[in-house]
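Colleague: Can you keep this structure in mind? I'll have questions shortly.
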Amino acid sequence: MVMAPAKILVVDDDPAIRNLIHRFLSKQSYQMESAEDGKTAMAMFEQFNPDLVILDVNLPDANGYSLCQEMQSRTNVFVLMLTSRTDEADKLRGFAQGADDYITKPFSLGELGGRVGAILKRQRVVTTAEQQCLVFDKLVIDPVRREVKLNDDIVPLTALEFDLLHFLASHPGRVWRRAELIQEVWDYEYVGDQRVVDVHIGQIRKKIEIDTSQPALIQTVRGVGYKFESPATVS
Numbered sequence: 044m045v046m047a048p049a050k051i052l053v054v055d056d057d058p059a060i061r062n063l064i065h066r067f068l069s070k071q072s073y074q075m076e077s078a079e080d081g082k083t084a085m086a087m088f089e090q091f092n093p094d095l096v097i098l099d100v101n102l103p104d105a106n107g108y109s110l111c112q113e114m115q116s117r118t119n120v121f122v123l124m125l126t127s128r129t130d131e132a133d134k135l136r137g138f139a140q141g142a143d144d145y146i147t148k149p150f151s152l153g154e155l156g157g158r159v160g161a162i163l164k165r166q167r168v169v170t171t172a173e174q175q176c177l178v179f180d181k182l183v184i185d186p187v188r189r190e191v192k193l194n195d196d197i198v199p200l201t202a203l204e205f206d207l208l209h210f211l212a213s214h215p216g217r218v219w220r221r222a223e224l225i226q227e228v229w230d231y232e233y234v235g236d237q238r239v240v241d242v243h244i245g246q247i248r249k250k251i252e253i254d255t256s257q258p259a260l261i262q263t264v265r266g267v268g269y270k271f272e273s274p275a276t277v278s
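The sequence shown begins at 44 in the numbering used here and counts up one residue at a time.
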């Protein structure tokens, strides 16, 4: 089965950066569209239905973080944030709003291409073994529909939160270091702050744990990382 080329929307108010990214990724055989502000971006998003949005944080008429949330509330789109800031708090905020990755200006086109490829790899077709629903008491994780239900209610997870939860739940009881999770879920040599894992785990816990101060499903293993415990084995 030949997969259609991925569709990417670039949103940046700087025409030089926008055109550079557009031209570079077009040459990599991606289907490309561009927008220079938030209003145009949302209209284009509806019409184009991209797989990935490369989104500038600072737009003349919109906040990139809000735009990221708005887009992800509509589809399972991946979002790569562009920023000129190097402030760590901004990055963590971006991840908390559902961004899949972050790249700081100035960046090399090679690095951008690598990040884009790594994000889109997560779109791969799941194998038959991976298509099984994971059922843990009242929590159901469906990898085909990319849906999570708790007490029969849909849990609204971002694409990355789903991938992280599904990965942990596929290996119940196993403890994973942050670096291992980054390699397995983000799927490339991530050089940023490993606290990005903590941010995403925190977001997932808010949505599936009864008591986030004493999480039962995704447990912290001090000094090491995290593990998923099946409710049947939770004491």
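Glycine included, every Cβ here is placed at the ideal spot set by N, Cα and C.
What are the complete alpha helix (DSSP H) segments, minimum 4 residues, inside the stretch 127–160?
Modeller: 131–139
Colleague: Would D55 and G81 qualify as a contact pair, given that the criterion is a beta-carbon distance under 8 angstroms?
Modeller: What you label residue 55 is simply residue 12 of the sequence shown in a count that begins at 1. What you label residue 81 is simply residue 38 of the sequence shown in a count that begins at 1. No; because the gap between Cβ atoms is not below 8 angstroms, this pair is not in contact.
Colleague: Going by the beta-carbon positions, is the gap between R66 and S77 smaller than 8 angstroms?
Modeller: Along the sequence shown, read from residue 1 onward, the residue named residue 66 stands at position 23. Along the sequence shown, read from residue 1 onward, the residue named residue 77 stands at position 34. Their beta carbons are not under 8 angstroms apart, which means R66 does not touch S77 by this criterion.
Colleague: For V122, which of D133, G137 and A132 has the nearest alpha-carbon?
Modeller: Taking the first residue of the sequence shown as position 1, residue 122 is located at position 79. Ranking D133, G137 and A132 by Cα distance to V122 puts G137 first.
Colleague: Out of curiosity, what's the CA-to-CA distance linking L63 and N92?
Modeller: Within the sequence shown, residue 63 is the residue found at index 20, counting from 1. Within the sequence shown, residue 92 is the residue found at index 49, counting from 1. Each residue's alpha carbon lies about 22 angstroms from the other.
Colleague: Decide if P274 is buried, meaning its Cβ has at least 16 other Cβ atoms within 10 Å, or exposed.
Modeller: Your numbering for residue 274 matches position 231 in the sequence shown. Exposed is the call here.
Colleague: So, are the CB atoms of Q237 and A222 less than 8 angstroms apart?
Modeller: The count along the sequence shown starts at 1 and reaches residue 237 at position 194. The count along the sequence shown starts at 1 and reaches residue 222 at position 179. Their beta carbons are under 8 angstroms apart, which means Q237 touches A222 by this criterion.
Colleague: Helix, strand or coil: which one does DSSP assign to V120?
Modeller: On the sequence shown, residue 120 is found 77 positions in, with the first residue counted as 1. Of the three classes helix, strand and coil, the one that applies to V120 here is coil, per DSSP.
Colleague: Quick check on the DSSP output: the beta strand (DSSP E) that includes L182 runs from which residue to which?
Modeller: For the purposes of this step, residue 182 is identified with residue 139 of the sequence shown, where counting begins at 1. It spans L182 to D185 - the beta strand (DSSP E) in which L182 sits, taken as one unbroken run.
Colleague: Could you tell me whether the stretch 247–264 touches the stretch 202–218, using the rule of 3 or more Cβ pairs below 8 angstroms?
Modeller: As far as the Cβ criterion goes, the stretch 247–264 touches the stretch 202–218, which means the pair count is three or higher.
Colleague: Going by DSSP, name the residue or residues bridged to N62.
Modeller: Start at 1 with the first residue of the sequence shown, and residue 62 comes out as number 19. When DSSP reads this structure, N62 sits in no beta bridge, so it has no partner.
Colleague: Is the beta carbon of V100 less than 8 angstroms from the beta carbon of L125?
Modeller: The residue labelled residue 100 in the question sits at position 57 within the sequence shown. The residue labelled residue 125 in the question sits at position 82 within the sequence shown. Contact flag set, yes.
Colleague: Note the first and the last residue of the continuous beta strand (DSSP E) segment covering P96.
Modeller: Position 53 of the sequence shown, counted from the start, is the residue given in the question as residue 96. Note that residue 96 is Val in the sequence shown, not Pro. Segment L95 to D99, the beta strand (DSSP E) holding V96.
Colleague: Might you give, ordered along the chain, the residues of its own chain that have their beta carbon closer than 6 angstroms to the beta carbon of E154, omitting 5 neighbours on each side?
Modeller: Numbered from its first residue, the sequence shown carries residue 154 at position 111. Cβ neighbours of E154 within its own chain (closer than 6 angstroms, five residues either side excluded): none.
Colleague: Tell me whether the beta-carbon of L102 lies closer than 8 angstroms to the beta-carbon of C111.
Modeller: If you number the sequence shown from 1, residue 102 lands on position 59. If you number the sequence shown from 1, residue 111 lands on position 68. Their beta carbons are not under 8 angstroms apart, which means L102 does not touch C111 by this criterion.
Colleague: Return the residue from the list V264, P186, S256 and L68 that minimises the CA-CA distance to G160.
Modeller: As a position in the sequence shown, residue 160 is number 117, starting the count at 1. Of V264, P186, S256 and L68, the residue nearest in Cα terms is L68.
Colleague: In this structure, how does DSSP classify Y108 when only helix, strand and coil are distinguished?
Modeller: To locate residue 108, count along the sequence shown from 1; it is residue 65. The answer is helix: DSSP assigns Y108 an H, G or I state.
Colleague: What residues match up with F271 in a beta bridge as DSSP calls it?
Modeller: Residue numbering aside, residue 271 sits at position 228 when the sequence shown is read from its first letter. Partner(s): I261.
Colleague: Rounded to whole angstroms, what's the CA-CA distance from L200 to A84? Just pull it up for me.
Modeller: Stepping through the sequence shown from its first residue, residue 200 is reached at position 157. Stepping through the sequence shown from its first residue, residue 84 is reached at position 41. Approximately 22 angstroms between the Cα atoms of the pair.
Colleague: Using only the alpha-carbon positions, how far apart do A202 and D143 sit?
Modeller: Stepping through the sequence shown from its first residue, residue 202 is reached at position 159. Stepping through the sequence shown from its first residue, residue 143 is reached at position 100. About 8 angstroms.
Colleague: Considering Q71, what are the terminal residues of the beta strand (DSSP E) in which it resides?
Modeller: Within the sequence shown, residue 71 is the residue found at index 28, counting from 1. Under the DSSP assignment, Q71 falls outside any beta strand (DSSP E); it carries neither an H nor an E label.
Colleague: Identify which residue in V239, E204 and Y269 has its Cα closest to the Cα of D133.
Modeller: Along the sequence shown, read from residue 1 onward, the residue named residue 133 stands at position 90. Nearest C-alpha to D133: V239.
Colleague: So for D206, helix, strand or coil by DSSP?
Modeller: Indexing the sequence shown from 1 puts residue 206 at position 163. Per DSSP, reduced to three states, the secondary structure at D206 is helical.
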